[in-house]
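Residue numbers (our numbering), protein chains in the order written: chain A, 84 to 303; chain Y, 4 to 403.
This is the structure in C-alpha cells:
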C-alpha cells in the first residue's frame, strides 16, 4: 500500500522533486568552483568559507521550498476530487494519512540524499585546504530534518478540519492583533505574545531553530 | 613661535561683507551707545549659556539622590533602583575579585558609576498620512542609562532595557570594571587588549568560535597558528614586536588580493584608490595579479596593517594568562617593566611565554567544532514537532 501511495505522490510531486535534486547538485558546484584565484592554485580560505555560508542559505531555501510544495502536493489532488478516492480506500483514515505523511517524508529524504551525494562528490573533487573538512552526511541529515518540520506543519494544516483551522488561525490572528494594539498604545512595553511565539518557534531548540543555524557543507 | 595661518580669501571677503552690512545701522548710533549695546548683548548671551549649563547639570543630577557604596566603589542612582544596584554591584565585584584578587579594592574607589532612568512620553500629534491622531501618553520609564568614570575620565557606558534585570546590570558593572582594569595596565598592553581585561565568565563556546575565526582568518599567519605553529602564533599576536615588513610577515601570496581590497580604514583605501587606476585595481582584486597587489599595498602606511590575531583570540589568551597566574596576575602585570607583550603575559602567568602559547594553542585546537550533524536536543525537538503535527493530521477531517 505504501508503494502505491508513494507512487501517486511521486507522480504529483515529480517536477519539484527532480528540480530540487538538480538544484541540490548545482549549489555545491557553484559554491566550490569560483573560489581559487586564477593565478594561485589554492583556495583562499576566507572567500571559500564565505561561499559556503552563501550556499548554506541556498540549502535552507531549497529545503523550505521543496517541503512546502511536497506538502501541498500531498493533498491537492484529494481536495480537487472532494476526498472521494481517499474515503473509498479499504483502510482506516489514520493509516491513510500516515502513509501520505511517510510518502512525503520519503520524497524529502530523496532530495536530502541528493544533497549529501552531490555535496560529497563536489567536496571530494575540490582541493580543500587542510584546515577545512567536508560534512556531506551531516548536511544531508540536517537538510532532511529541517525540511520535515515545515512539511509536517503544512501537511497537518491541510489535513485538518477546515473549520477548525479557520478558528485556530482567526484566534491566533486576534491575539496577535490585540497584542500589537496594546503595545502600540503603551499598555505593554512590546508585543508579548508575538515575542513568545517567535521565541518558541525560533529560539533554542524551537522547531524552526534549524533555519537560524548554518547548514555548512564544508566547515573547520 | 609661529603665527596663525591666514584665513582663506573667501572667508575674509564674506566677513568683510557681514561687517559692512552690520556697520550700516550701527553707524547711525553713537559709538558709546553701540559699545554699551554690544556689552549688554554679550552679557545676556553669557548668562543664557550659564543657565543652559546649570539646567543641563541639574537635569543630569535629577534622580541621582541615593549613593550606593560597595568596597569603596560609589554608584549614584535613584532610591527605587538602589537595592537592585547594590546587589548587582556586589555580584560584579565578587566576580571581579575572583580574577583580580586584592586589586579589586584598590581599583574600586577610583571608579564612579551612575545609573539613571530614561523616561519618555508620547506627545499628541496628527498624522496626515494615516488620518489618525496619536494620543499623548504619560511619562514612563522606558530604559536605563549606565555611565562610568575612572579617575575622572569617562568610560563608555551602556543602555539597559526596561524592566531592569539585575543580571544585565551586574554584567554592565563588570564590563565597566573590565575597562577600568585595562586602564590600570601598561598603555601598550591595554591597547593590545582592546581596552578591556576579560573578567566575566567566558562564553561556553568561546574557544570553539576562536578556532573557527583563526582557521578562516584572512591572514596566513593566523591560520598557521590554528594549525598549531607556535612561531606563527607569536608573530600573529605581535607578542615580541610589530614586524618591519608586516605584509611579508603576516600574509601569504594568496592573501594579497583580499588584503588590497580590505586593508586600512576608509580614508586610507580611498587614498590608495585615487593613486591607482581602475585597471590596476581590477588586475589585483579580480584577476589576482600579485605584482600589482604588492604595488597597491606599498601605497598604504604600516599602520593600515593591524595585528592580525582577532580580538577574541587575544581575549582568550588573556583569560588563560589570568587563570594560570591566579589572583596576583594583575598585580604582577601592572608592576612588570618588560616592554614586550610576551614578557608581560609571561610575568603575569608566572610561566614562560612559549609554555603559555603552547597551552593556549592546545586549548583552542581541542575546542575545534565537531561535525555539524544536528545535536541530540535539536533532533529530538524536531522529531517531537514532526510527531505532533502527524498526530494532528491523523485526527483531521478535511472533507468537512
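Beta carbons are placed, not taken as given, at the ideal position from N, Cα and C, and that holds for glycine. None of the values given here were measured: they were computed from a predicted structure.
Residue range of the beta strand (DSSP E) that includes residue 162 of chain Y: 156–164
I need the boundaries of the alpha helix (DSSP H) containing residue 153 of chain Y, first residue and last residue. First-last for residue 153 of chain Y: 143–153, but that is the beta strand (DSSP E), not the alpha helix (DSSP H).
Can you tell me whether residue 163 of chain A is buried or exposed, with buried defined as 16 or more other CB within 10 angstroms of its CB? By the neighbour-count rule (16 or more Cβ atoms within 10 Å), residue 163 of chain A is not buried but exposed.
Any C-beta of chain Y within less than 8 Å: which residues of the stretch 196–223 of chain A qualify? 213, 214, 215, 218, 220, 221 and 222
For residue 128 of chain Y: DSSP bridge partner residues: Y/137
Would you say residue 151 of chain Y and residue 107 of chain Y are within 9 Å of each other, going by their C-beta atoms? No; because the gap between Cβ atoms is not below 9 Å, this pair is not in contact.
Compute the distance between the beta-carbons of residue 385 of chain Y and residue 377 of chain Y, then report whether it is under 9 Å. Contact flag set, yes.
Count the other CB atoms within 10 Å of the CB of residue 168 of chain A; is the residue buried (16 or more) or exposed (fewer)? Result: exposed.
Curious, which full-length alpha helix (DSSP H) runs of at least 4 residues does the stretch 138–212 of chain A contain? 167–171 and 176–208
Count the other CB atoms, across all protein chains shown, that sit within 10 Å of the CB of residue 210 of chain Y; report buried if there are 16 or more and exposed otherwise. Looking at its Cβ environment, which holds 16 or more other Cβ atoms inside 10 Å, residue 210 of chain Y is buried.
Taking the alpha carbon of residue 138 of chain A as the reference point, which residue from A/153, A/148, A/166 and A/109 has its own alpha carbon closest? Cα-wise, what sits closest to residue 138 of chain A is A/109.
May I ask you to list, following chain order, the residues of the stretch 349–371 of chain Y that have a beta carbon less than 8 Å from some beta carbon of chain A? The residues in question are 371.
Can you find a C-beta in chain Y that's less than 9 Å from the C-beta of residue 134 of chain A? no
Rounded to a whole number of angstroms, what is the C-alpha to C-alpha distance between residue 171 of chain Y and residue 163 of chain Y? 7 Å
When the cut-off is 9 Å and only beta carbons count, does residue 169 of chain Y lie next to chain A? no
Compute the beta-carbon to beta-carbon distance between residue 147 of chain Y and residue 114 of chain Y, rounded to the nearest angstrom, for a pair I have assumed lies under 8 Å. About 18 Å separates the two Cβ atoms, so there is no contact after all.
For residue 211 of chain A and residue 301 of chain A, believed in contact at Cβ under 8 Å, the rounded distance: Between residue 301 of chain A and residue 211 of chain A a beta carbon distance of about 6 Å is seen, short of the 8 Å cut, so the two are scored as contacting.
Between the CA atoms of residue 340 of chain Y and residue 102 of chain Y - distance to the nearest angstrom: 22 Å
Three-state secondary structure (DSSP) of residue 376 of chain Y: coil
Between which residues of its own chain and residue 122 of chain Y is the CB-CB distance below 8 Å, once the five residues before and five after are set aside? 142, 143, 144 and 145
Under 8 Å by Cβ, that's how I've got residue 202 of chain A and residue 111 of chain A pegged, so tell me the actual separation to the nearest angstrom. 5 Å
Please confirm if residue 88 of chain A has its CB atom under 9 Å from at least one CB of chain Y. no
Going along chain A in order, which residues have a C-beta closer than 8 Å to the C-beta of residue 296 of chain Y? Going along chain A, no residue has its Cβ under 8 Å from residue 296 of chain Y, so there is no contact; the nearest lies around 10 Å.
Where does the unbroken beta strand (DSSP E) through residue 359 of chain Y begin, and where does it stop? Premise fails: residue 359 of chain Y lies in the alpha helix (DSSP H), 356–369, not in any beta strand (DSSP E).
Just checking, does the stretch 88–101 of chain Y make contact with the stretch 63–78 of chain Y on the three C-beta pairs under 8 Å criterion? yes
Just to confirm before moving on: does the CB-CB distance between residue 245 of chain A and residue 259 of chain A stay below 9 Å? no
Expressed to the nearest angstrom, what Euclidean distance is found between the alpha-carbon atoms of residue 249 of chain Y and residue 268 of chain Y? Each residue's alpha carbon lies about 16 Å from the other.
Determine whether the beta carbon atoms of residue 228 of chain A and residue 381 of chain Y lie at a separation below 9 Å. yes
List, in chain order, every chain A residue whose beta-carbon is nearer than 9 Å to that of residue 219 of chain Y. 128, 129, 131, 132, 133, 214, 215 and 303
Residues of its chain near residue 352 of chain Y, where Cβ-Cβ distance is below 7 Å and the 5 sequence neighbours each way are ignored: 324, 327, 328, 332 and 359
Compare the C-beta of residue 116 of chain A against all C-beta atoms of chain Y and say whether one is closer than 9 Å. no
Beta-carbon gap between residue 180 of chain Y and residue 161 of chain Y smaller than 9 Å: no
Counting only the same chain and skipping the five closest in sequence on each side, list residues whose C-beta sits under 8 Å from that of residue 369 of chain Y. Within the same chain, residue 369 of chain Y has close Cβ partners 210.
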